[in-house]
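Student:
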Amino acid sequence: MYNETVMDHFMNPRNVGEMKDPDGVGEVGNPTCGDIMKIFLRIRDDRIEDVTFMTFGCGAAIASSSMATELIKGKTLDEAWEITNKAVAAALEGLPPQKLHCSVLAEEGIHAAINDYRRKHGLEPRPETGHAAHEEAGGDAE
Amino acid sequence: MTPQQGQGSIDMKKLVYMDHAATTPVKPDVLEAMLPYFSEKFGNPSSIYALAHDSKEAVEHARAQVAAAIGASPDEIFFTAGGSESDNWAIKGTAFANRKKGDHIITTAIEHHAVLHTCEYLEKQGFTVTYLPVDNYGMVDPADVEAAITDRTILVTVMAANNEIGTVQPIREIGRIARAHGVLFHTDAVQAVGAVPIDVKADTIDMLSLSGHKFYGPKGIGALYVRKGTRLDSLVHGGGQERRRRAGTENLPGIVGLGKAIEMATADIPGHTAYIAAMRDRLLKGILAAIPDTILNGHPTMRLPNNLNVSFRYIEGESVLLMLDAHGICASTGSACSSASLEPSHVLLAIGLPHETAHGSLRLTLGDLTTDEDVDHVLEVLPTIVERLRSMSPLYAVRNGGI
């Protein structure tokens, strides 16, 4: 179902864990939907010095979290904000269509963490964008 | 002799296959029985020459094997393309044949989609359907069935055993209630055949669906038992096969394989149950002992002998499956993330699991080739996987007083 890059980031996720005293934290998703993503940021001079994540979710959700943290590490906050779900999915060399919402979650997680940082520094949060569509279920074939 | 002995030399050493509810491998004896009917004995059973006569005889032999396995007469067995077609035929066929009598169907919330989607289709055709609830173990209350019957009810369809959580339903009691009210009773026994004893006469069943690939037969072949005298419209129209009730040239090798497989599967159900259930129970005990915050789904005792369904709180099922697969273990989940939906299994929700717990479900279904070493391998690998996924779960961190 998943390509090698996705499986690599799922089996060997980068930047996993809870960060002590982060400068910004973003939590997105919902346990009802089966995905919760939490992104922790350490900011120095408007640049993401470190980033970690914790994710409750499927393989694509964990891989998207891992890739998203890799993409934004070292970037300025403005540059990180511009990382879209498409960029995350492209860096993973593609996700199954029904899993694209996991990359959307990663984008939203980054935005939530950046906005948390902005709020803590008296700045207006930036407006959110984008959502993915969802489709129908399967089961055992009789 | 254990069921796994004498089954030939299928090499599954590198693979721990624990998804027998999804499908089973064809047994060597079944395959051997089928092979001549692909190329040597290939005659069309509907033709009149000797080659075709052999084929016709093979079909009728298989029909007798299926009938014997469930206590039916051979002329009550009709071959289909599998369980889904059998379910569709039983439900739609009953509905359209009995429309003047009534338009109400009773089923349950935890049926297979082959039943649920068929019922939903019939609702669009003007029928009404009652979807009965189940208790926390996934058990249907026969009293609920009786209370739901009206003078417009034409069919009760309740599965014999659930494919996800393994709960075995009181079909004999439900069948008697339906019969007492003059209502037809169909049961989807796709998971039950070969696992629990079924006698269509004693269980008061009017129609029963079964599928070959669930008991070590081939895929793409099934059967529908239809009690003599049952009013049932045809689903597939065309030639005069299956006594003019189901058209289409017979899947000859499949039918032969189905007959052989069901004969083998029902030869020693108590012995089979003892062998499989002992391993299943050891696996469950080991999982519950090693992995805290684990919930058993389904009935603790009234369940299929090979079925184990658990939910690991704070993690998601597809992730567990992927990591198990990396260790050569094939399993299943009712989590939405394994499919294209955000909704977890309708069965797990129907038994009252919260969404986040339903997302963390794992189904392990053992089979004849499962060994104690396979169970040991799962018990060695699974706790580490759950621990690893929990270590990156924000829900688990909250549970432990963290973030």
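Going line by line, the protein sequences match chains A and B.
Position 114 of the first sequence, counting from 1, maps to 114 under the working numbering, and the rest follow consecutively.
Position 147 of the second sequence, counting from 1, maps to 289 under the working numbering, and the rest follow consecutively.
The beta carbon of each residue, even a glycine, is placed where N, CA and C say it ideally should be.
With a 10 Å radius around its C-beta and 16 neighbouring C-beta atoms as the bar for buried, classify His254 (chain B) as buried or exposed.
Tutor: Along the second sequence, one-based indexing puts residue 254 (chain B) at 112. His254 (chain B) comes out buried.
Student: Whole angstroms is fine: what's the gap from Asp293 (chain B)'s alpha carbon to Val300 (chain B)'s?
Tutor: In the second sequence, residue 293 (chain B) corresponds to position 151, counting from 1. In the second sequence, residue 300 (chain B) corresponds to position 158, counting from 1. Using only the alpha carbons, I get a separation of about 19 Å.
Student: Using beta carbons (cut-off 8 Å, strictly below), is His497 (chain B) in contact with chain A?
Tutor: The residue given as residue 497 (chain B) occupies position 355 in the second sequence. Against chain A, the CB of His497 (chain B) has a partner CB under 8 Å away; the residue lies at that interface.
Student: Chain A partners of Pro486 (chain B), CB-CB under 8 Å?
Tutor: By 1-based counting over the second sequence, the position of residue 486 (chain B) is 344. Neighbours of Pro486 (chain B) on chain A, chain order: Gly34.
Student: So is Gly354 (chain B) in contact with chain A if we call contact Cβ pairs under 8 Å?
Tutor: Position 212 of the second sequence, counted from the start, is the residue given in the question as residue 354 (chain B). No - not a single Cβ of chain A is within 8 Å of the one on Gly354 (chain B).
Student: For the alpha helix (DSSP H) containing Met406 (chain B), list its first residue and its last residue.
Tutor: What you label residue 406 (chain B) is simply residue 264 of the second sequence in a count that begins at 1. First-last of the alpha helix (DSSP H) with Met406 (chain B): 394 to 407.
Student: Classify Tyr113 (chain B) as helix, strand or coil using the three-state DSSP reduction.
Tutor: Here chain B has residues from 143 to 545 only, and residue 113 (chain B) is not among them.
Student: Report the three-state DSSP secondary structure of Gly364 (chain B) (helix, strand or coil).
Tutor: As a position in the second sequence, residue 364 (chain B) is number 222, starting the count at 1. If DSSP states are grouped into helix, strand and coil, Gly364 (chain B) belongs with the strands.
Student: Just curious, the alpha helix (DSSP H) that Glu498 (chain B) is in, first and last residue?
Tutor: The sequence position of residue 498 (chain B) within the second sequence is 356, counting from 1. 497 to 500 is the span of the alpha helix (DSSP H), which, as asked, contains Glu498 (chain B).
Student: List, in chain order, every chain A residue whose beta-carbon is nearer than 8 Å to that of His501 (chain B).
Tutor: Position 359 of the second sequence holds residue 501 (chain B). By Cβ distance, chain A contributes Pro31, Gly34.
Student: Taking the straight line between their C-alpha atoms, what separation do you get for Phe221 (chain B) and Arg532 (chain B)?
Tutor: Residue numbering aside, residue 221 (chain B) sits at position 79 when the second sequence is read from its first letter. Residue numbering aside, residue 532 (chain B) sits at position 390 when the second sequence is read from its first letter. Distance between the alpha carbons of Phe221 (chain B) and Arg532 (chain B): 47 Å.
Student: Would Pro536 (chain B) pass as an interface residue toward chain A - the criterion being a Cβ-Cβ separation below 8 Å?
Tutor: Within the second sequence, residue 536 (chain B) is the residue found at index 394, counting from 1. Interface residue, yes.
Student: Under a Cβ-count criterion, where at least 16 other Cβ atoms within 10 Å of its own Cβ denotes burial, should Arg126 (chain A) be classed as buried or exposed?
Tutor: Within the first sequence, the letter at position 126 stands for residue 126 (chain A). Here Arg126 (chain A) is exposed. Its C-beta has fewer than 16 other C-beta atoms within 10 Å.
Student: Excluding five sequence neighbours on each side, which residues of the same chain lie with their C-beta closer than 6 Å to the C-beta of Met67 (chain A)?
Tutor: Against the first sequence, residue 67 (chain A) aligns to sequence position 67. Contacts found: His9, Val88, Ala91, Leu92.
Student: Which partner residues of Ser474 (chain B) appear in the DSSP bridge assignment?
Tutor: The residue given as residue 474 (chain B) occupies position 332 in the second sequence. Per DSSP, B:Arg505.
Student: Can you check whether the CB of Asn542 (chain B) is closer than 8 Å to the CB of Gly308 (chain B)?
Tutor: For the purposes of this step, residue 308 (chain B) is identified with residue 166 of the second sequence, where counting begins at 1. For the purposes of this step, residue 542 (chain B) is identified with residue 400 of the second sequence, where counting begins at 1. No, these two residues do not count as a Cβ contact at 8 Å.
Student: Please state whether DSSP places Val540 (chain B) in a helix, a strand or coil.
Tutor: Taking the first residue of the second sequence as 1, we reach residue 540 (chain B) at position 398. Helix.
Student: Contact criterion: CB-CB distance below 8 Å. Does Ile110 (chain A) meet it with respect to chain E?
Tutor: Among the chains of the structure shown, chain E does not appear; the protein chains present are A and B.
Student: Mind pulling the chain B residues with CB within less than 8 Å of Met54 (chain A)?
Tutor: Working through the first sequence from its first residue, we reach residue 54 (chain A) at position 54. Ordered by position in chain B, the residues that pass the 8 Å Cβ test against Met54 (chain A) are Met534, Ser535, Pro536, Ala539, Ile545.
Student: Are the C-beta atoms of Glu107 (chain A) and some chain B residue less than 8 Å apart?
Tutor: By one-based count along the first sequence, residue 107 (chain A) stands at place 107. By this cut-off, Glu107 (chain A) is not an interface position.
Student: Consult DSSP for Glu49 (chain A) and reduce its assignment to one of helix, strand or coil.
Tutor: The sequence position of residue 49 (chain A) within the first sequence is 49, counting from 1. Three-state result, Glu49 (chain A): strand.
Student: Counting only Cβ pairs nearer than 8 Å, list the residues of chain A close to Ile457 (chain B).
Tutor: In the second sequence, residue 457 (chain B) corresponds to position 315, counting from 1. Going along chain A in sequence order, the residues near Ile457 (chain B) (Cβ under 8 Å) are Phe56.
Student: For Ala61 (chain A), which residues in the same chain have their Cβ closer than 6 Å to its Cβ, ignoring the five residues on either side in sequence?
Tutor: Here residue 61 (chain A) refers to the residue found at position 61 of the first sequence. Cβ within range, chain order: Asp35, Thr55, Cys102.
Student: Classify Pro127 (chain A) as helix, strand or coil using the three-state DSSP reduction.
Tutor: Sequence index remark: in the first sequence, residue 127 (chain A) carries index 127 (1-based). It is coil, neither helix nor strand.
Student: Is the CB of Pro13 (chain A) under 8 Å away from at least one CB in chain B?
Tutor: Taking the first sequence and counting its residues from 1, one reaches residue 13 (chain A) at position 13. With 8 Å as the cut-off, Pro13 (chain A) counts as an interface residue toward chain B.
Student: Does Ile62 (chain A) come within less than 8 Å of chain B when only Cβ atoms are used?
Tutor: Start at 1 with the first residue of the first sequence, and residue 62 (chain A) comes out as number 62. Yes, Ile62 (chain A) lies at the interface with chain B (some Cβ there is under 8 Å from its Cβ).
Student: Between which two residues does the alpha helix (DSSP H) carrying Met11 (chain A) extend?
Tutor: Position 11 of the first sequence holds residue 11 (chain A). Segment 4 to 11, the alpha helix (DSSP H) holding Met11 (chain A).
Student: Please classify Asn278 (chain B) as buried or exposed, where buried requires at least 16 neighbouring CB atoms within 10 angstroms.
Tutor: Here residue 278 (chain B) is taken as the residue at index 136 of the second sequence, counted from 1. With fewer than 16 other Cβ atoms within 10 Å, it is exposed.
Student: For Gln267 (chain B) and Val489 (chain B), what's the separation of their Cα atoms in angstroms?
Tutor: In the second sequence, the residue the question calls residue 267 (chain B) occupies position 125. In the second sequence, the residue the question calls residue 489 (chain B) occupies position 347. Straight-line Cα distance between these residues: approximately 25 Å.
Student: If I follow the unbroken alpha helix (DSSP H) through Asp330 (chain B), where does it start and stop?
Tutor: As a first step, residue 330 (chain B) must be located in the second sequence, where it is residue number 188. First-last for Asp330 (chain B): 326 to 330, but that is the beta strand (DSSP E), not the alpha helix (DSSP H).
Student: Buried or exposed for Tyr2 (chain A), please, with buried defined as at least 16 other CB atoms from any protein chain shown within 10 angstroms of its CB.
Tutor: Taking the first residue of the first sequence as position 1, residue 2 (chain A) is located at position 2. Per the 10 Å Cβ criterion, buried.
Student: Along chain B, which residues have their Cβ under 7 Å away from the Cβ of Gly59 (chain A)?
Tutor: Locating residue 59 (chain A) in the first sequence gives position 59, where the first residue counts as 1. Correct list: Glu460, Ser461, Leu464.
Student: Three-state secondary structure (DSSP) at Asn15 (chain A)?
Tutor: The sequence position of residue 15 (chain A) within the first sequence is 15, counting from 1. Of the three classes helix, strand and coil, the one that applies to Asn15 (chain A) here is coil, per DSSP.
Student: Check the Cβ of Lys75 (chain A) against every Cβ in chain B and list those closer than 8 Å, keeping chain order.
Tutor: Within the first sequence, the letter at position 75 stands for residue 75 (chain A). Chain B residues near Lys75 (chain A): none, gap ~23 Å exceeds 8 Å.
Student: Among A:Gly109, A:Ile43, A:Leu95, A:Ser65, which one has its Cα closest to the Cα of Pro13 (chain A)?
Tutor: In the first sequence, the residue the question calls residue 13 (chain A) occupies position 13. Comparing Cα-Cα distances from Pro13 (chain A) to each of A:Gly109, A:Ile43, A:Leu95, A:Ser65, the minimum goes to A:Ser65.
Student: Counting only the same chain and skipping the five closest in sequence on each side, list residues whose C-beta sits under 8 Å from that of Ile110 (chain A).
Tutor: If you number the first sequence from 1, residue 110 (chain A) lands on position 110. Hits under 8 Å: Gly26, Ile39, Ala68, Ile72, Ala80, Trp81, Ile83.
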